[in-house]
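Taken in order, these protein sequences are the chains called A and B.
Remember, this note's numbering sits 406 above the position in the first sequence when you count from 1.
Remember, this note's numbering sits 406 above the position in the second sequence when you count from 1.
Where is the CB? At the ideal position from N, CA and C, for every residue including glycine.
Protein chains: 2
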Amino acid sequence: MSSSPLLADLIEALRCLPGVGAKTAQRMAFHVLERDRAGARRLAERLALAVERIGNCTRCRTFSEDALCALCANDARDRSLLCVVETPVDQLAIEQATGYRGHYFVLLGRLSPLDGMGPKELGLDLLAQRLAEGEVHELIIATNPTVEGEATAHMLAQLAHAASVRASRLAHGVPLGGELEFIDRGTLAHAFGGRQTL
Amino acid sequence: MSSSPLLADLIEALRCLPGVGAKTAQRMAFHVLERDRAGARRLAERLALAVERIGNCTRCRTFSEDALCALCANDARDRSLLCVVETPVDQLAIEQATGYRGHYFVLLGRLSPLDGMGPKELGLDLLAQRLAEGEVHELIIATNPTVEGEATAHMLAQLAHAASVRASRLAHGVPLGGELEFIDRGTLAHAFGGRQTL
Chain A
407 MSSSPLLADL
417 IEALRCLPGV
427 GAKTAQRMAF
437 HVLERDRAGA
447 RRLAERLALA
457 VERIGNCTRC
467 RTFSEDALCA
477 LCANDARDRS
487 LLCVVETPVD
497 QLAIEQATGY
507 RGHYFVLLGR
517 LSPLDGMGPK
527 ELGLDLLAQR
537 LAEGEVHELI
547 IATNPTVEGE
557 ATAHMLAQLA
567 HAASVRASRL
577 AHGVPLGGEL
587 EFIDRGTLAH
597 AFGGRQTL
Chain B
407 MSSSPLLADL
417 IEALRCLPGV
427 GAKTAQRMAF
437 HVLERDRAGA
447 RRLAERLALA
457 VERIGNCTRC
467 RTFSEDALCA
477 LCANDARDRS
487 LLCVVETPVD
497 QLAIEQATGY
507 RGHYFVLLGR
517 LSPLDGMGPK
527 ELGLDLLAQR
537 LAEGEVHELI
547 IATNPTVEGE
557 ATAHMLAQLA
567 HAASVRASRL
577 AHGVPLGGEL
587 EFIDRGTLAH
597 AFGGRQTL
């Protein structure tokens, strides 16, 4: 039995965060109450604001509080390159790891008819329309290398083909620091087949 | 570069939680925005409410939104037993692990003159006053077995002695499931010295 119902409520609510179980939620609640009330207040405000105001960009479908996200609105970026990713996290990963200066299109999912994710849910009509505008010269397909991601990639390639836009796919292969001995067969087969001239 | 300033703000604010670094904060923010906006809204409300309303119980100093916490207000609990702990988390741990039905007193710290934690900061005047009331027959000292915790325990024992109240201390010894081989010398010495007749 907790000494405070509000505290018990807070501990329960913290569990909506991924990877946070009962013990961690408890530790988090006590920590902010004991040591960082200002931080907790700020978090509460920003969480409420984000949930209320962040929707999706009307052009690339990523998270954005404006109709057009900061990336789409940025004129300095190359409009001839369009990189298609499954989620905003994937977009952020590419943005942080590579020097890519083109635009993005976020599917917010992957092709998965059983989960009700079809071409319409992935916004492919919006994408087709974008390709038809004629500005995009290369469609970089960066869906995940899973069965569903590959099926999605296949459909995207067809879409690019129909619009006479060149389609490319992220290279599969041995990850940096990986050892051949421990790499799964599929990856190794891909890496072998896609070997490059030195 | 993130596509949304509000999202970047949220990620930064999430880092006030213990054990949450840049990557985890990112994952949390994307998770709630994609999959659990209702949970996030609830968390924001409860966090704000908890920070604003939770203070300390005037009797035992634990976290409470009322002047008297639920435990102190509970007449069914044994008023002759008083367990002293360092923090509300320790109180909760004892409450969840043991069948203890007495009351608590929370120091909100431990004796540590260098950090400005003296008898006054630990509320020892409040505790002395409570012991003087005559209801308490046993003071159970459950401070941590650290140098500072032991010093605190020593002072608490003196306080109890002055009020002619019996003082006891949690037993130190081999933890359940522990192996003698891997236990530190101090603990083993304690366990040996405090051996019990079978």
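Where are the beta strand (DSSP E) runs, 3 residues long or more, that stay fully inside the segment 546 to 600 of chain B, in chain order? For the segment 546 to 600 of chain B, whole beta strand (DSSP E) runs of length 3 or above, ordered along the chain, are 572 to 575.
When you compare only the Cα positions, how much space is there between A563/A and E587/A? Just so you know, the alpha carbons of A563/A and E587/A end up roughly 33 Å apart.
At a Cβ threshold of 8 Å, is M523/B touching chain A? Chain A contact via Cβ: absent.
Length of the line joining the Cα atoms of E440/A and I417/A: Spanning the two alpha carbons is a distance of roughly 14 Å.
Out of R575/B, D531/B, R452/B and T430/B, state which residue places its alpha-carbon closest to the alpha-carbon of G555/B. Checked all of R575/B, D531/B, R452/B and T430/B; the closest Cα to G555/B is R575/B.
Can you find a C-beta in chain A that's less than 8 Å from the C-beta of C489/B? Not flagged as an interface residue toward chain A: C489/B, since no C-beta distance is shorter than 8 Å.
Report the neighbours of H437/A on chain B: residues whose CB is nearer than 8 Å to its CB, in chain order. Going along chain B in sequence order, the residues near H437/A (Cβ under 8 Å) are L423 and P424.
Would a check of beta-carbon distances place S518/A closer than 8 Å to chain B? Nearest CB-CB separation between S518/A and chain B: not below the 8 Å threshold.
DSSP three-state call for D484/A: helix, strand or coil? Strand.
Can you check whether the C-beta of A534/B is within less than 8 Å of a C-beta belonging to chain A? Residue contact check for A534/B against chain A: no CB pair falls below 8 Å.
L532/A beta carbon less than 8 Å from that of G566/A: Position check: residue 566/A holds Ala in this sequence, whereas Gly was assumed. If you check the CB distance, A566/A and L532/A do not come in under 8 Å.
How many angstroms separate the CA atom of F598/B from the CA atom of G579/B? Those two C-alpha atoms are separated by around 8 Å.
Contact check, R513/B vs E541/B, beta carbons under 8 Å: Rather than Arg, the amino acid found at residue 513/B in this sequence is Leu. When the beta-carbon positions are compared, L513/B and E541/B stay at least 8 Å from each other.
With G445/A as the anchor, note down where its beta strand (DSSP E) starts and where it stops. It is not in any beta strand (DSSP E) - G445/A instead sits in the alpha helix (DSSP H) that spans R443 to R459.
Following the continuous alpha helix (DSSP H) through V495/A, name the residue where it begins and the one where it ends. Its alpha helix (DSSP H) spans residues P494 to A503.
Can you confirm whether the segment 442 to 452 of chain B touches the segment 414 to 428 of chain A when touching is taken to mean that 3 or more C-beta pairs between the two stretches lie within less than 8 Å? A contact is defined here as three or more CB-CB pairs under 8 Å, and the segment 414 to 428 of chain A meets this definition with respect to the segment 442 to 452 of chain B.
Could you check where the alpha helix (DSSP H) with A535/A kicks off and where it finishes? According to the sequence displayed, residue 535/A carries Gln and not Ala. Looking at the DSSP string, the run of the alpha helix (DSSP H) that includes Q535/A is L530 to A538.
Residues of chain A with a CB under 7 Å from the CB of R443/B: which are they? Neighbours of R443/B in chain A, taken as residues at a C-beta separation under 7 Å, are given in chain order as V457.
Under 7 Å Cβ-Cβ, which residues of chain A neighbour L453/B? By Cβ distance, chain A contributes L416, A446, L449 and A450.
So T549/B and R516/B are in contact, right, with Cβ under 8 Å, and what is the actual spacing, rounded? Right, the Cβ-Cβ distance comes to about 6 Å (below 8 Å), so this counts as a contact.
The segment 575 to 590 of chain A: positions lying closer than 8 Å to chain B by Cβ: Listed by position, the residues of the segment 575 to 590 of chain A near chain B (Cβ gap below 8 Å) amount to none.
Residue environment, Q502/B, which counts as buried when at least 16 other CB atoms sit within 10 Å: It is exposed - the Cβ of Q502/B has fewer than 16 other Cβ atoms within 10 Å.
Does the beta carbon of Q564/B come closer than 8 Å to any beta carbon on chain A? False, the Cβ-Cβ gap to chain A never drops below 8 Å.
Can you give me the Cβ contacts of T558/B inside the same chain, cut-off strictly under 6 Å, excluding the 5 residues immediately before and after it? Correct list, in chain order: R516, L517 and T549.
Across which residues does DSSP place H543/B in a beta bridge pair? Paired residue(s): none; H543/B is not in a bridge.
Give me the subset of the segment 463 to 490 of chain A whose CB atoms are less than 9 Å from a CB atom of chain B, sorted by chain position. So the list reads C463, C466, T468, F469, S470, E471, D472, C475, A476, L477, C478 and N480, given in the order they occur along the chain.
Can you give the Cα-Cα distance for L488/B and A534/B, rounded to whole angstroms? Taking the straight line joining both Cα atoms gives about 12 Å.
Given that a residue counts as buried once 16 or more other Cβ atoms are within 10 Å of its Cβ, and exposed if not, what is G584/B? G584/B comes out exposed.
Which residues in chain A sit within 7 Å of R507/B, going by Cβ to Cβ distance? Scanning chain A for C-beta atoms nearer than 7 Å to the C-beta of R507/B yields nothing, as the closest lies near 11 Å away.
Consult DSSP for V426/B and reduce its assignment to one of helix, strand or coil. V426/B sits in coil when the DSSP states are folded into three classes, being neither helix nor strand.
Quick one: which chain B residues come within Cβ less than 7 Å of M434/A? Those are L423 and P424, listed as they occur along chain B.
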